[in-house]
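Read top to bottom, the protein sequences are chains A and B.
Every letter in the first sequence is one number past the one before it in the numbering used here, and letter 67, counting from 1, is 67.
One rule links them: number in the numbering used here = place in the second sequence (from 1) + 1000.
Don't be surprised by glycine CBs; every beta carbon is placed ideally from N, CA and C.
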Amino acid sequence: MASDLFGVPADRITATSSPETLENWDSVQHLNLVLALEEKFGMQLSPEEIEQMKSIGDTAKLIESKLQATPR
Amino acid sequence: MAIVIEPYRQEHEPAVQEFNRRLQQSSGDPDLVFSQRSVPRWLPPANNNPVWNEFFVAVEGSSVRGAYGLKQEMVLVRRKGMHKVACYHHPLSEGIIDRKYASVGALLARDALARQPFLYALGMGGSDRPIAKMLKVLGFSLTPIPFYFRVVHPYRFLLEMQALRQTRWRALAMSMAAVTGTGWLAIKSAQEASKLRGRTLDFVAEEIPEFSEWADEIWNKANGIVSMAAVRDAKTLRLLYRADVTSIKRLRVSRKGSAIGWAIIGQRRKDPKFGRMRVGSVVDCWAAPENAAAVVQAAAQALEKDGVDLIVSNQSHQVWCRAFESGGFLKGPSTFVFAASKKLTELLQPLEETRLSLHITRADGDGLPANF
Chain A
1 MASDLFGVPA
11 DRITATSSPE
21 TLENWDSVQH
31 LNLVLALEEK
41 FGMQLSPEEI
51 EQMKSIGDTA
61 KLIESKLQAT
71 PR
Chain B
1001 MAIVIEPYRQ
1011 EHEPAVQEFN
1021 RRLQQSSGDP
1031 DLVFSQRSVP
1041 RWLPPANNNP
1051 VWNEFFVAVE
1061 GSSVRGAYGL
1071 KQEMVLVRRK
1081 GMHKVACYHH
1091 PLSEGIIDRK
1101 YASVGALLAR
1111 DALARQPFLY
1121 ALGMGGSDRP
1131 IAKMLKVLGF
1141 SLTPIPFYFR
1151 VVHPYRFLLE
1161 MQALRQTRWR
1171 ALAMSMAAVT
1181 GTGWLAIKSA
1191 QEASKLRGRT
1201 LDFVAEEIPE
1211 FSEWADEIWN
1221 KANGIVSMAA
1231 VRDAKTLRLL
1241 YRADVTSIKR
1251 LRVSRKGSAI
1261 GWAIIGQRRK
1271 DPKFGRMRVG
1281 SVVDCWAAPE
1291 NAAAVVQAAA
1301 QALEKDGVDL
1311 IVSNQSHQVW
1321 CRAFESGGFL
1331 KGPSTFVFAA
1341 SKKLTELLQP
1351 LEETRLSLHI
1361 TRADGDGLPA
1371 NF
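This is the structure:
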């Protein structure tokens, strides 16, 4: 998903990839990332959670914790 | 530290000043500045006012990382009556200068939508600019609002219009056209060809200090032709175009002693793309369809009398577009975009039809204080 959104090969994306290291991670793409995650995982991200998405690693942790907290 | 969006209060003013300083220092753009006052100068909130502005700031600890404004207003929607909507304006994010804050733009737009789902934005410099792109991602529909211009002094236009002089060769060609008179001939011919479809109209125009109840009659008479228009009754007009604002002129247009329409005209503040030209604008206008052409002529004549070199206007309603064309105006490329949220777009369905009768001008949104 991040590879498509930010237009870089998947092997160049790491947990530390962030707006400061990925050229195309601007405010528009940040919003695209939020909407893509919400759609893929069927969840709503709060303003606090959106703000926590400072890197790919932070974003992955956030989504994992939300998925674990969701009753199945 | 978490970022929280809250209403802009006096205690935030020093942090907003610091935010502005950072934006200006890093970007070098003097326009990247948010209101230093927490209480809006234009349309401050007041009891029973039908239109008002409010500001919000994105706060991280003691710092401000973003801000935006909402202009709350009433619009009339055909067959659906009056609706509360808001204009999302002046969104500014620290993300412009520091990518660490790339999330702030999304936070601001989502916060505005949560406060008023019937949201719109206007202008934005074109649909390819970041704010318009972000709103599109959020499901907003984007509609360019046609741009009209009439050259009053072709010589100055050819020498000063920077958009026409972006390369050395084009600049040279424009200078040649100005000096030889061929440019004058071409521009005047195009404008006269457009004007021939119109006719000389019988009207009297007078500058008025303030709107009064006669404007209600014209508002009621003409609002049946619009799919959506921000309310333009006398009470609202007195707030939008306050008597103490001297950068604009209010024109009352009448025939045989009865008011038939009005226009707001003004000279735009200096803008590098217009060089040293004096640019007049037909900011806003209202009349029944049969009187639109007279109002356009009255506005253009008043601006010519004020000595402008170029007259510009943005108009969305087909009746007004035709009136400007018959008044010798030419259509140019528009970067003035109307973005409507999903909810507002639903209200305007079918948008392909209703967009032709939206009444949107340069005075809608936040355009008035920003440009005059």
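| query | result |
| --- | --- |
| Any Cβ of chain B within less than 8 Å of the Cβ of Leu35 (chain A)? | yes |
| May I have the straight-line CA-CA distance separating Leu1237 (chain B) from Thr1167 (chain B), to the nearest angstrom? | 43 Å |
| Closer than 8 Å, CB to CB, is Asn32 (chain A) near chain E or not? | Looking at the structure shown, chain E is missing, and the protein chains on hand are A and B. |
| Determine whether the beta carbon atoms of Asp1309 (chain B) and Phe1157 (chain B) lie at a separation below 8 Å. | yes |
| Report the CB separation of Arg1362 (chain B) from Val1283 (chain B) in whole angstroms; it is logged as a contact under 8 Å. | 5 Å |
| Check distances from the C-beta atoms of the segment 1117-1133 of chain B to those of chain A and list, in chain order, the residues that come in under 7 Å. | Pro1130, Lys1133 |
| State buried or exposed for Phe41 (chain A), treating a residue as buried only when at least 16 other CB atoms are found within 10 Å of its CB. | exposed |
| Pull up the DSSP beta-bridge partners for Gln1072 (chain B), would you. | B:Trp1052, B:Ala1086 |
| With the cut-off set at 8 Å, would you say Asn1314 (chain B) and Phe1329 (chain B) are in Cβ contact? | no |
| Can you tell me whether Val1179 (chain B) is buried or exposed? The criterion is at least 16 other CB atoms within 10 Å of its CB, across all chains shown. | exposed |
| Given this structure, state the Cα-to-Cα distance separating Ala1298 (chain B) from Phe1203 (chain B), to the nearest angstrom. | 8 Å |
| Report the residue from A:Ile13, A:Leu22, A:Val28, A:Glu23 whose alpha carbon sits nearest the alpha carbon of Arg1129 (chain B). | A:Val28 |
| Output needed in chain order: residues of the segment 14-30 of chain A with a Cβ under 7 Å from some Cβ in chain B. | Pro19, Glu20, Trp25, Asp26, Ser27, Val28, His30 |
| Using 8 Å as the limit for Cβ to Cβ distance, is Ser1341 (chain B) near chain A? | no |
| State yes or no: is the C-beta of Gln1301 (chain B) nearer than 7 Å to some heavy atom of the ligand GTP? | The ligand GTP is not part of this structure, which contains no ligands at all. |
| What residue range is occupied by the uninterrupted alpha helix (DSSP H) comprising Met1176 (chain B)? | 1168-1180 |
| Using the three-state DSSP reduction, which class does Glu1207 (chain B) fall into: helix, strand or coil? | strand |
| Let me confirm a value: Lys1084 (chain B) is counted as buried when at least 16 other C-beta atoms fall within 10 Å, else exposed. Which label applies? | exposed |
| Tell me whether Met1228 (chain B) sits in a helix, a strand or coil according to DSSP, three-state version. | strand |
| Taking Cβ-Cβ distances shorter than 7 Å, what residues in chain B pair up with Met43 (chain A)? | Neighbours of Met43 (chain A) on chain B: none; closest Cβ ~15 Å, over 7 Å. |
| Does any residue of chain B have a CB that is nearer than 8 Å to the CB of Met53 (chain A)? | yes |
| Quick one: give me the first and last residue of the beta strand (DSSP E) that Asn1314 (chain B) is part of. | 1310-1314 |
| Could you check whether the segment 1217-1226 of chain B touches the segment 1018-1028 of chain B, counting it as contact only if at least three pairs of C-beta atoms, one from each stretch, sit closer than 8 Å? | no |
| Residues in its own chain within less than 6 Å of Cys1285 (chain B) by CB, not counting five upstream and five downstream? | Ala1263, Val1295 |
| Which residues, taken in chain order from the segment 1138-1167 of chain B, show a beta carbon closer than 8 Å to some beta carbon of chain A? | Leu1138 |
| Given that a residue counts as buried once 16 or more other Cβ atoms are within 10 Å of its Cβ, and exposed if not, what is Asn1047 (chain B)? | exposed |
| Is Val1245 (chain B) helix, strand or coil by DSSP? | coil |
| Can you tell me where the alpha helix (DSSP H) holding Leu1017 (chain B) begins and where it ends? | It should be noted that the sequence gives Gln, not Leu, for residue 1017 (chain B). Residues 1013-1027. |
| What span of residues does the alpha helix (DSSP H) with Thr1236 (chain B) cover, start to end? | 1234-1240 |
| Quick check on DSSP: helix, strand or coil for Gly57 (chain A)? | helix |
| Would Asp1111 (chain B) count as contacting chain A if we go by Cβ distances under 8 Å? | yes |
| In whole angstroms, give me the CA-to-CA distance for Ala1234 (chain B) and Gln1072 (chain B). | 18 Å |
| Which whole-angstrom value describes the C-beta separation of Leu1119 (chain B) and Ala1086 (chain B), a residue pair presumed to lie in contact below a C-beta threshold of 8 Å? | 6 Å |
| Taking the alpha-carbon positions, what's the Thr1354 (chain B) to Leu1348 (chain B) distance? | 6 Å |
| Could you check what DSSP says for Val1337 (chain B) in three-state terms: helix, strand or coil? | strand |
| Quick one: grab the DSSP three-state call for Phe1149 (chain B). | strand |
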